[in-house]
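Scroll down for the structure; my scribbles are underneath it.
Number of protein chains: 2
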Amino acid sequence: MANTRILPPADNAYQYPLLIKQLLLSAPRYAPDQEIVYANKSKYTYTDLVDRIHRLANALTDAGVKPGDTVAVMDWDTPRYLECFFAIPMIGAVLHTINVRLSPDQIVYTMNHAEDDLVLIHDDFLPILESVKGDIKTVRKYIQLTDEAQAKSTSLDSAGEYEALLANAHNCFDFPDFDENSIATTFYTTGTTGNPKGVFFSHRQLVLHTLAMTGSLSAFDEMPMLRSSSVYMPVTPMFHVHAWGVPYAATLLGIKQVYPGRYEPELLVDLLKEHGVTFSHCVPTVMQMMMATESIKTADLSNWHVLIGGSALTRGLCDAGAKLGIRMYTGYGMSETCPLLSTTHLKPEDLELPLEQQTTQRIKTGIAVPMVEIEITDPDGNPVAHDGDAKGEVVARAPWLTQSYFKEPEKGEELWQGGWLHTGDVASMEPDSTLVIKDRIKDVIKTGGEWLSSLDLENLISQHPAIAAAAVVGVPDEKWGERPHALVVLKPGEQATLEDLQDHLKQFVESGEINKWAIPGKIDFVDDIPKTSVGKINKKLIRDQLDN
Amino acid sequence: MANTRILPPADNAYQYPLLIKQLLLSAPRYAPDQEIVYANKSKYTYTDLVDRIHRLANALTDAGVKPGDTVAVMDWDTPRYLECFFAIPMIGAVLHTINVRLSPDQIVYTMNHAEDDLVLIHDDFLPILESVKGDIKTVRKYIQLTDEAQAKSTSLDSAGEYEALLANAHNCFDFPDFDENSIATTFYTTGTTGNPKGVFFSHRQLVLHTLAMTGSLSAFDEMPMLRSSSVYMPVTPMFHVHAWGVPYAATLLGIKQVYPGRYEPELLVDLLKEHGVTFSHCVPTVMQMMMATESIKTADLSNWHVLIGGSALTRGLCDAGAKLGIRMYTGYGMSETCPLLSTTHLKPEDLELPLEQQTTQRIKTGIAVPMVEIEITDPDGNPVAHDGDAKGEVVARAPWLTQSYFKEPEKGEELWQGGWLHTGDVASMEPDSTLVIKDRIKDVIKTGGEWLSSLDLENLISQHPAIAAAAVVGVPDEKWGERPHALVVLKPGEQATLEDLQDHLKQFVESGEINKWAIPGKIDFVDDIPKTSVGKINKKLIRDQLDN
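Protein sequences appear in the order of chains C and X. Be aware that the first sequence starts at 1, since it is given in UniProt numbering, and climbs by one per residue. Be aware that the second sequence starts at 1, since it is given in UniProt numbering, and climbs by one per residue.
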């Protein structure tokens, strides 16, 4: 550690810990009357938001919540949830955003692991918790959320209904100062095996993530996502990485926000049209559902900027969006990274092309946002060349990465190595610092001393006219380390042999896109490719089946 | 302190101190070829900037600079200075930006007080230090800066010329991590009495100031100052509050920067035209000098946004600027506040008016930027009403306020009171959170239980057709506490009596703008009003003269 000069602070100076309450200072000054909309149900202003956050803090305190407690939420994407994003950490409690898509057993596991003291729960989710009620260990009280005139009756120990509690609570809460490293939020990620793992973020981390986000999403004229005149509608769930942290940034700037509640494609499109939404973030599946609606055909989407994450933005989706006038960008990050690491970065010359021809730039993983360091490294942790060709694992440093897994730091031993967070993604880096994700490290095929992207090979195989779908995994090989093994599904009525497909791939060897050992020696013709519950190719299962 | 939940960081996780080196990560990724221009002399790219910062760090280290040392700079506003903004704090040393406008005695006082170890000095300033050489106590070496082919010879102990040292230095420096509370910069403010006082800012404070600045100056469509397509030229000196910190923010975003060197009005206007400058910050005096040039008449200034600070943006200057198409905004802050506290905040409806009619909004002190708390308080520290009328002292909290005066915390006892930094400014706050500065607290006249702004009264007196200039100070009065006492200068050939001026002011009593005790009982007709060295009315001198 360098021997720098540090003076002790003056006795009377104010030590300024970075706290989420500070993110709420500016909106009521900049835009007190700006609207926050709840689908087709209700709307209110930023002045109301602040008032309701104070009331919620009092209601929670009245219900016995103390600093250091954990308060969980099971709700759709609503302004109520936004109120929880602020009020719960602002009183010094930990916000646990429960993943309502997990199985009841997994949900109760996360509740017990996070040691939830109080749960705010929407009527729609009551049956889930009622079904596992006996297994819930730490919850003392429930606050009910409803979109109806009256909350449903429940066997859970209800402390009352949210709106009634807010109406009765005092509208002024004196939010305390405390250590900026206090945990503000936690939520759980699921792997293919084992129990969900908790990640957690401090007040300091969320404040810094928010401030850096305004730098990256506000300042660039080629990608004007977060501007004062923007209309923001999140379309990734608030329980998942705080809806990518954008609600905090939108609130900081006093931007109009539209919360859709449940993700019903027709409703989402109606909200887009009604409110002139200009900025959303979305996963490819939901985007496809929205693009498949009838009503989207009559929408003017030429000012809708959408950050796509969760899985890769494919050329097909980006092209199809461009045909509708939608401007899509890749956003890259993960639960462990709060999440923002990089986005598509467009330059003025990129915008000179017609939208349909901008896809190549838009689908790249992009450039690291300010304050983020990204490197790609070989298995020994040494950086590989930034030549657009060499592949390495993506590693990152930034002021907002989870320190470890919640209460299980030993599970994070692979996460943090040598002072860098290891993402488990394999990528190349172009000379202009553009990151291009190639694969998950566990799916990449290590063959002949090189890393072969299973995704790249699947794309090449799929270009054969007889092939409907392809999956490629690596299988152990004495000579090459690993060799690719493909599963392919033929299109109805089409025929192809192993040799046909190998011949097809040879053209890519000749053009230099792949090495000759990338051509699979074995290809299985199958009826179906195993998928996970969220529709991704289940490569773990394929590898297990090939092992047996 | 609330008992919040904090987990110890995982052993292997990276602790991320906020350091100035992180502000340099993004520009070479976003805009490696973007230009940084030095007046009509030279230009280079962000790639070059990073290269030169590494070389400078090595050159300084070769010259014996260690972490914890202090390195001072005496230069005009140049890309060299920008390199010093980064390289000096990034090696763990303290950057002392010497105010070259101080007297030689004051300069040497600040150098000894800051304990400068090494000084980078432009040829133009050699005579100053040579004249006080015997009084300089801690400096071991000088590095010479020049815009000529060869540096001047000097009796100071020169370690060589800057460009030659950079050319010979290695272009890779491994910038260390260290405590984010390490002092990064220091500089000195002058009062009307006593020695200059040092303020200082840590790495953490400068990083947070920079990130919040991108939020406030990038995101608002009505005031697009810091955008990727902006062209930035500072016109307040880099030695004064790091040119308001904007060079750090412009660098973070990879924006084109134009450094003017010396402030020669014709040159400044030429640079505006040649580079299509879109954003500057400026004090009123220099702006007036630029507006008085012949060449500005042929400039297209319709895209030039200028943040005015240092002294108030007057209606007259803003109107005159509007006639030329210049968009001016008030920026408010002070040396002790890093400096940004608030700016003009325009709403869409403000822009619907012609530029000439936007002055009323543009000259207000504006709305506190994100992460800043501003309050106005009575002498007991209680907030006064936000009704646009009640006056109080402006107090502030933010993550980037100086902790105290450098090595003299006792001098800061009035600065920090009750956990708020006391600015010494008197203002009212409008119901929509807009701050309007009225006066310096030491100049405000406490009369009849109310605060009367000396500036307001001077403006009203000046509206009399016979009056060329007016100055008002408070003088003690047994009954009223203080009463206003005016000095006025008559226009050539004009006449007016005490009664004429009192009658003139009565109309403002009738219209409710002032109370009747605001009418001065005594008015001195003088030939000249005493001014300070920077052209402000010297009210301290006027009060002293009236006392005797």
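Where a beta carbon is used, it is the ideal one built from N, C-alpha and C, also for glycine.
For the options C:E413, C:I376, C:G449, the alpha carbon positioned closest to that of D425 (chain C) is the one of C:I376. Chain-ordered, the chain X residues with CB closer than 9 Å to the CB of W420 (chain C) read Y14. Closer than 7 Å to the CB of F220 (chain X) there is at least one CB belonging to chain C. Contact between A219 (chain X) and L211 (chain C) fails: their C-beta atoms lie close to 11 Å from each other, not under 8 Å. Annotation for A114 (chain X): the continuous alpha helix (DSSP H) segment containing it runs 104-114. Partner residues in the beta bridge of Y44 (chain C), as assigned by DSSP, are C:I36. Here DSSP, grouped into helix, strand and coil, assigns Q463 (chain C) to coil. Taking C-beta atoms under 8 Å as the contact rule, A468 (chain C) and E458 (chain C) fail to qualify, at a distance of about 12 Å.
DSSP, reduced to helix, strand and coil, places E266 (chain X) within a helical segment of the structure shown. In this structure, DSSP gives S153 (chain X) a state outside helix and strand, which the three-state scheme calls coil. Each of X:V472, X:K516, X:D503, X:G493 was checked against the Cα of P530 (chain X), and the nearest Cα belongs to X:V472. For the segment 157-189 of chain C, the beta-carbon criterion of a distance under 8 Å to any beta-carbon of chain X is satisfied by P176, D177, F178, D179, N181, S182, I183. For D174 (chain X), no beta strand (DSSP E) segment is defined, and its DSSP state is neither H nor E.
Boundaries of the alpha helix (DSSP H) around L82 (chain X): 79-90. Going by DSSP, D350 (chain X) is part of the alpha helix (DSSP H) stretching over 348-351. In the DSSP assignment, W420 (chain X) falls outside any alpha helix (DSSP H) and lies within the beta strand (DSSP E) extending over 420-429.
Short of 7 Å from the beta carbon of Q15 (chain X), and not among the five residues preceding or following it, lie these beta carbons of its own chain, in chain order: P9.
In the three-state reduction of the DSSP assignment, T190 (chain X) falls in the coil class. Taking 7 Å as the upper bound on Cβ-Cβ separation, chain X lies near residues L211, A212, T214, G215, S218 of the segment 205-218 of chain C. Here DSSP, grouped into helix, strand and coil, assigns F201 (chain C) to strand.
In the three-state reduction of the DSSP assignment, C282 (chain X) falls in the strand class, which pools E and B. For G160 (chain X), the three-state secondary structure derived from DSSP is strand. Proximity to M291 (chain C) across C:G309, C:K323, C:K446 peaks at C:K323, based on C-alpha coordinates. For M371 (chain C), at least one C-beta of chain X is nearer than 7 Å to its own C-beta. Taking the Cα of L505 (chain C) as reference, the smallest distance to any Cα among C:G194, C:Y232, C:A486 is reached at C:A486. When DSSP reads this structure, Y329 (chain C) sits in a beta bridge with C:L307. Within the UniProt domain "AMP-binding enzyme C-terminal" (457-536) of chain X, the complete beta strand (DSSP E) segments at least 3 residues long are 467-477, 481-490, 522-525, listed from N- to C-terminus. For Q361 (chain C), the enclosing alpha helix (DSSP H) begins and ends at 359-362. With fewer than 16 neighbouring CB atoms inside 10 Å of its own CB, L353 (chain X) falls in the exposed class. Beyond the five residues adjoining it in sequence on each side, L166 (chain X) comes within less than 8 Å, by CB distance, of R52, R55, L56, A59 in the same chain, given in chain order.
Taking 7 Å as the cut-off, the Cβ atoms of G474 (chain C) and E482 (chain C) count as close. Taking a beta-carbon distance threshold of 7 Å, Q22 (chain X) counts as an interface residue toward chain C. Within the DSSP secondary-structure output, W416 (chain X) pairs in a beta bridge with X:L421. Taking a Cβ-Cβ threshold of 9 Å, the residues of chain C close to N3 (chain X) are K66, P67, G68, G92, F178, in chain order. The C-beta of W304 (chain C) comes no closer than 7 Å to any C-beta of chain X. Exposure of D389 (chain X) is indicated by the presence of fewer than 16 other C-beta atoms within 10 angstroms of its C-beta.
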